[in-house]
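Novice: First the structure, then my questions, so here it is.
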Amino acid sequence: MCLMVEQSKPTKFSDEFLMGVYIKNSDGIGVMWAEDNHLHYRKALVGSAKEFVEFIREHAEGRACCWHARMKTHGHIDLTNCHPYPVTGFEGRDDEHPVLLMHNGVLSTGNDKDFSKSDTWHYIQDIIRPMLVKHPELMTNPGFKTLVEKHIGTGNKFALMDASGNTVILNRQAGVEYNGAWLSNTYAWDYYGLHPDARKRPEYTSPAWSKYDSWYAGKNTSTTVPSKTVKRAPAPVISPSKGTKRTVAKRKPAPWVYEMWLRLSAESPALGAMISRQALGSAAAATSENDVEDMFELLVSGFIDEQKFKDFIQNPNTAPDFRREDGGNLFLEL
-3 MCLMVEQSKP
7 TKFSDEFLMG
17 VYIKNSDGIG
27 VMWAEDNHLH
37 YRKALVGSAK
47 EFVEFIREHA
57 EGRACCWHAR
67 MKTHGHIDLT
77 NCHPYPVTGF
87 EGRDDEHPVL
97 LMHNGVLSTG
107 NDKDFSKSDT
117 WHYIQDIIRP
127 MLVKHPELMT
137 NPGFKTLVEK
147 HIGTGNKFAL
157 MDASGNTVIL
167 NRQAGVEYNG
177 AWLSNTYAWD
187 YYGLHPDARK
197 RPEYTSPAWS
207 KYDSWYAGKN
217 TSTTVPSKTV
227 KRAPAPVISP
237 SKGTKRTVAK
247 RKPAPWVYEM
257 WLRLSAESPA
267 LGAMISRQAL
277 GSAAAATSEN
287 DVEDMFELLV
297 SGFIDEQKFK
307 DFIQNPNTAP
317 DFRREDGGNL
327 FLEL
């Protein structure tokens, strides 16, 4: 997942928005900004939504800056893998022009050399740093922007900033504007609940969904995410006495399933037509919503094709382990 935000000084996000971001992206927070020809950044591993909100209020609010909330896909959960990453000019390299980088997405280049580090860290060391260390002016060069955008694909976005305050967003067109800021995606925050241009979320009147709907609407400020497991309806039962089938009402798909189906249909109308909301819900119930989210991100990043995603939905047991404790590369299992 992850969420990357570029904001101006007047931007102020609500507690509801920020808590929703933390719930989906709780593996680290970081902010970068330029001031008086100096480039600054702060990182933290926070343990609650309250701490997350306080970090944004202290370090991001009132500044023209970029900030990043991380959801781990590669590498360990530590400060090293929090964004932003130093590209040049930090860590004792005072003779270099300072540049920082943030990333949202999953890079096909992976992290084979060091499983403790993220795909972003490897991409910087192998590709971005060698280009910018001797030619920092490339950062604002349109040709550099076009070249890297084509290489990483539209499912990935980069934000680069230097000490002069120059900020370059790669694949900006793949993000969305909200609250006077630019956000890198619609899936790592409550887009359908908060964005005025989002399609209306369906109403769920069953008492079984009241707690979930209340949380999603922001009425529950608890940092504990309620269970969103999609339960299958019981199979029809034949009555021995009458030989008739008992009618079983189908449960409506969870709001998360509807949101995922909308995103899938927007990314690939053909897949949206082939894969039903019930199939998405069954896949999430058989594995987890995180596995479905991660496979979707691999799809939009171009790392897997539509057939691979369809096969996964039809047979969820083919899902790779996205949370391997040894830090192994999930791409090796695809």
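Numbering (this note's numbering) for the sequence shown: -3 to 330. Even glycine gets a Cβ: it sits at the ideal position worked out from N, Cα and C.
1) Under a three-way DSSP split, which group does His55 fall into?
2) Between the stretch 58 to 66 and the stretch -3 to 15, can you find at least three pairs of beta-carbon atoms closer than 8 Å?
3) By the 10 Å Cβ neighbour count, where 16 or more other Cβ atoms means buried, how is Asn354 classified, buried or exposed?
4) I need the boundaries of the beta strand (DSSP E) containing His34, first residue and last residue.
5) Give every residue of the same chain whose Cβ lies closer than 7 Å to the Cβ of Gly171, excluding the five residues on either side of it in the sequence, and list them in chain order.
6) Give me the Cα-Cα distance between Ile25 and Val164, rounded to the nearest whole angstrom.
7) Hey, how far is the Cα of Leu156 from the Cα of Tyr119?
8) Counting only the same chain and skipping the five closest in sequence on each side, list residues whose C-beta sits under 6 Å from that of Thr219.
9) According to DSSP, which residues form a beta bridge with His64?
10) Report the rounded CA-to-CA distance for Asp23 versus Asn175, giving the unit in angstroms.
11) Using the Cα positions of Leu75 and Leu41, report the straight-line distance between them to the nearest angstrom.
12) With respect to the alpha helix (DSSP H) encompassing His147, which residues constitute its N-terminal and C-terminal limits?
13) Excluding the 5 residues preceding and the 5 following His34 in the sequence, name in chain order all residues of the same chain whose CB lies nearer than 7 Å to its CB.
14) Note down, in chain order, each residue of its chain lying with its Cβ closer than 7 Å to the Cβ of Pro80, except the 5 sequence neighbours on either side.
15) Three-state secondary structure (DSSP) at Thr116?
16) Look up Pro82 in the DSSP assignment and say whether it is helix, strand or coil.
17) Drop a sphere of 10 angstroms on the beta-carbon of Leu(-1), count the other beta-carbons inside from all chains shown, and report buried for 16 or more, exposed for fewer.
18) Report, in whole angstroms, the separation of the C-beta atoms of Ala279 and Val288, which I expect to be a contact under 8 Å.
19) In this structure, how does DSSP classify Val253 when only helix, strand and coil are distinguished?
20) Are Arg273 and Val296 touching if we call contact CB-CB under 8 Å?
21) Using a Cβ-Cβ cutoff of less than 6 Å, which residues in the same chain neighbour Glu255 once the five nearest sequence positions on both sides are dropped?
22) What is the DSSP secondary structure of Val164, reduced to helix, strand or coil?
23) Assign Lys238 to one of two classes, buried (16 or more other C-beta atoms within 10 Å of its C-beta) or exposed (fewer than that).
24) If distances are taken between C-alpha atoms only, which option among Glu145, Asn100 and Thr84 comes closest to Lys68?
Specialist: The structure says:
1) Mapped onto the sequence shown, residue 55 falls at position 59. Three-state result, His55: helix.
2) Three or more pairs of CB atoms, one per stretch, sit closer than 8 Å, so the stretch -3 to 15 contacts the stretch 58 to 66.
3) The first residue shown for the chain is -3 and the last is 330, placing residue 354 beyond what the model contains.
4) Start at 1 with the first residue of the sequence shown, and residue 34 comes out as number 38. It spans His34 to Ala40 - the beta strand (DSSP E) in which His34 sits, taken as one unbroken run.
5) Taking the sequence shown and counting its residues from 1, one reaches residue 171 at position 175. Once the five neighbours on either side are set aside, the close Cβ partners of Gly171 are Lys153, Trp178, Leu179, Ser180 and Asn181.
6) Numbered from 1 along the sequence shown, position 29 holds the residue referred to as residue 25. Numbered from 1 along the sequence shown, position 168 holds the residue referred to as residue 164. A straight-line Cα-Cα distance of about 20 Å links Ile25 and Val164.
7) What you label residue 156 is simply residue 160 of the sequence shown in a count that begins at 1. What you label residue 119 is simply residue 123 of the sequence shown in a count that begins at 1. Distance between the alpha carbons of Leu156 and Tyr119: 13 Å.
8) Mapped onto the sequence shown, residue 219 falls at position 223. Caution is warranted here: a pLDDT of 40 is assigned to Thr219, below 50, making its placement in the model unreliable, and the coordinate value is therefore given only provisionally. Answer for Thr219: Ser44 and Ala45, listed in chain order.
9) The residue labelled residue 64 in the question sits at position 68 within the sequence shown. Note: His64 is bridge-paired with Met0 and Gly26 in the DSSP secondary-structure output.
10) As a first step, residue 23 must be located in the sequence shown, where it is residue number 27. As a first step, residue 175 must be located in the sequence shown, where it is residue number 179. The straight-line gap from Cα to Cα measures roughly 24 Å.
11) Position 79 of the sequence shown, counted from the first residue, corresponds to residue 75. Position 45 of the sequence shown, counted from the first residue, corresponds to residue 41. Cα to Cα, the separation comes out at about 7 Å.
12) Taking the sequence shown and counting its residues from 1, the one referred to as residue 147 is at position 151. If you look at His147, you'll find it in the alpha helix (DSSP H) that goes Pro138 to Ile148.
13) Working through the sequence shown from its first residue, we reach residue 34 at position 38. If we look at His34 and ignore the five residues flanking it on each side, its Cβ neighbours are Ala159.
14) Residue mapping note: residue 80 aligns to position 84 of the sequence shown, counting from 1. Once the five neighbours on either side are set aside, the close Cβ partners of Pro80 are Gly26, Met28, Tyr37, His64, Leu96, Leu97 and Met98.
15) Here residue 116 refers to the residue found at position 120 when the sequence shown is read from its first residue. Note: Thr116 maps to helix in three-state DSSP.
16) What you label residue 82 is simply residue 86 of the sequence shown in a count that begins at 1. Three-state result, Pro82: strand.
17) Position 3 of the sequence shown holds residue -1. Buried, because 16 or more other Cβ atoms sit within 10 Å of the Cβ of Leu(-1).
18) As a position in the sequence shown, residue 279 is number 283, starting the count at 1. As a position in the sequence shown, residue 288 is number 292, starting the count at 1. Taking the Cβ atoms as the reference, Ala279 lies roughly 6 Å from Val288, within the contact range of under 8 Å.
19) As a position in the sequence shown, residue 253 is number 257, starting the count at 1. Looking at Val253 - three-state DSSP - the assignment turns out to be helix.
20) Here residue 273 refers to the residue found at position 277 when the sequence shown is read from its first residue. Here residue 296 refers to the residue found at position 300 when the sequence shown is read from its first residue. For the 8 Å CB-CB criterion, Arg273 and Val296 do not form a contact.
21) As a position in the sequence shown, residue 255 is number 259, starting the count at 1. Within the same chain, Glu255 has close Cβ partners Tyr188.
22) Translated into positions along the sequence shown, residue 164 becomes position 168. DSSP places Val164 in the strand class (E or B) of the three-state scheme.
23) By one-based count along the sequence shown, residue 238 stands at place 242. Only weak support is given to the placement of Lys238: the predicted model assigns it a pLDDT of 46, under 50, and the question is left unresolved by the model.
24) Here residue 68 refers to the residue found at position 72 of the sequence shown. Ranking Glu145, Asn100 and Thr84 by Cα distance to Lys68 puts Asn100 first.
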